[in-house]
């Protein structure tokens, strides 16, 4: 749906807007690939989406396409973390639990500081700093009566920062050049029967999400189903590289196109507080990541992505692009997401009642 321009100008027709966004994304992605930039498809599309929207673009990625993208990512994650590996990670449960609790408590502590200093309302801070799925946190915050626009900006700004820092970490530790990896992936032979079976599983995720009303099932169902079916030998997970690149681009657009001009203008008044809180949270996460690297022998990129307070889907793309341990990263992300889902809504409700 095309939104009216806040300045009163008539927006361009949607086909022209898609053409412009596609051209901007192509240029940005190509430039990043030329300099061997990690996760070039995701980052390039995200940057193009931000500039496109801030300068008057009115496009949106519909919920249907978003769910389909998450379904494909679910199969990608399942393929990257076989069930044998996932079961083996259970022995490290104290590490996962301690790390997840530390990150969750840190987010709450930062929220308390910002609330006590009267920089931002308590409920807005709790939802905005919650290290979970950005879209879900924004939706739940709006239902709870918090400032959904500020929450959205806090969540999506943090995703951008996470992507930038992850790219820097990937570059610092060395990685396969993005352009080379892209050429190899496109040239790889495919079993098209396995591809079709994988796509059926990927599309089953959005269908289950629609039926149950639980959006996270779009990613969780293909992930769990892929782990089980591939372990039993009933399914050979295969995804063509062009499809994955398309999903990475879709995810980049989904994040970038959220940065509308009204949203940015609304957040400018509290931008220093939002930026400071985001950087402090990311710094605390980096501290936990350093603990994992020094005392548990986890490689830096895996540790950083596992502790990053971003969306599971984006972290999955960054993990796949940078060669991180997907099993370790996803186990930590899922555990922290469950903590957020269990404790943030009642906590935000208590803060909201006390602030009235």
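Residue numbers (our numbering): -9 to 346. Ideal placement from N, C-alpha and C gives every residue a C-beta, glycine not left out. As the structure is a computational prediction, the values presented were derived from the model and not from experiment.
Item, Value
"DSSP state of residue 225 mapped onto helix, strand, coil", "coil"
"Rounded separation between residue 198 and residue 8 - CA only", "29 Å"
"Of the listed residues 95, 84, 86 and 225, nearest to residue 187 (C-alpha basis)", "225"
"Backbone CA spacing between residue 127 and residue 119 [nearest angstrom]", "9 Å"
"Burial state of residue 243, where buried means 16 or more other Cβ atoms lie within 10 Å", "buried"
"Contact belief for residue 117 with residue 136 at Cβ below 8 Å, rounded distance in angstroms", "5 Å"
"Buried or exposed by the 16-neighbour rule on C-beta atoms within 10 Å, applied to residue 247", "buried"
"Whole-angstrom distance between residue 31 and residue 10, CA atom to CA atom", "17 Å"
"Residues near residue 325 in its chain [Cβ-Cβ closer than 6 Å; skip 5 each side]", "86 and 90"
"Spatial neighbours of residue 249 in its chain, beta-carbon cut-off 7 Å, leaving aside the 5 residues before and after", "40, 43, 44 and 146"
"Local conformation of residue 220 per DSSP, three classes", "helix"
"Proximity to residue 56 [Cα-Cα], best of 205, 37 and 140", "205"
"Exposure label - residue 37; buried when at least 16 CB within 10 Å", "buried"
"Own chain residues within Cβ distance below 6 Å of residue 279, not counting five before or after", "293, 294 and 297"
"Limits of the alpha helix (DSSP H) - the one that residue 311 falls within", "302 to 312"
"DSSP three-state assignment for residue 251, whether helix, strand or coil", "helix"
"Helix, strand or coil at residue 7 [DSSP, three-state]", "helix"
"Nearest-angstrom Cβ-Cβ length linking residue 21 and residue 301, presumed shorter than 8 Å", "The pair is not a contact, with the Cβ atoms about 25 Å apart (cut-off 8 Å)."
"Selection from 97, 308, 190 and 223 that minimises the alpha carbon distance to residue 264", "97"
"Pairwise C-alpha distance: residue 0 and residue 161", "43 Å"
"Inside the region 95 to 166 only - alpha helix (DSSP H) runs reaching at least 4 residues", "112 to 119, 124 to 133 and 138 to 163"
"Closest by C-alpha distance to residue 63, when choosing among 235, 107, 143 and 222", "235"
"Residue 114 versus residue 59 - alpha carbon distance", "28 Å"
"Cα-Cα separation, residue 182 to residue 144", "42 Å"
"Spatially closest choice to residue 35 from 121, 12, 233 and 88, by CA coordinates", "12"
"Identity of the residue in 51, 81 and 267 nearest residue 107 by Cα", "267"
"Within 8 Å, strictly: CB atoms of residue 374 and residue 299", "The shown model of the chain, from -9 to 346, leaves out residue 374, and the question about it has no answer."
"Contact belief for residue 211 with residue 223 at Cβ below 8 Å, rounded distance in angstroms", "Contact doesn't hold; Cβ gap of about 20 Å is too wide."
"Buried/exposed call for residue 218, threshold 16 Cβ in 10 Å", "exposed"
"DSSP three-state assignment for residue 29, whether helix, strand or coil", "coil"
"As assigned by DSSP and simplified to three states, the class of residue 200", "helix"
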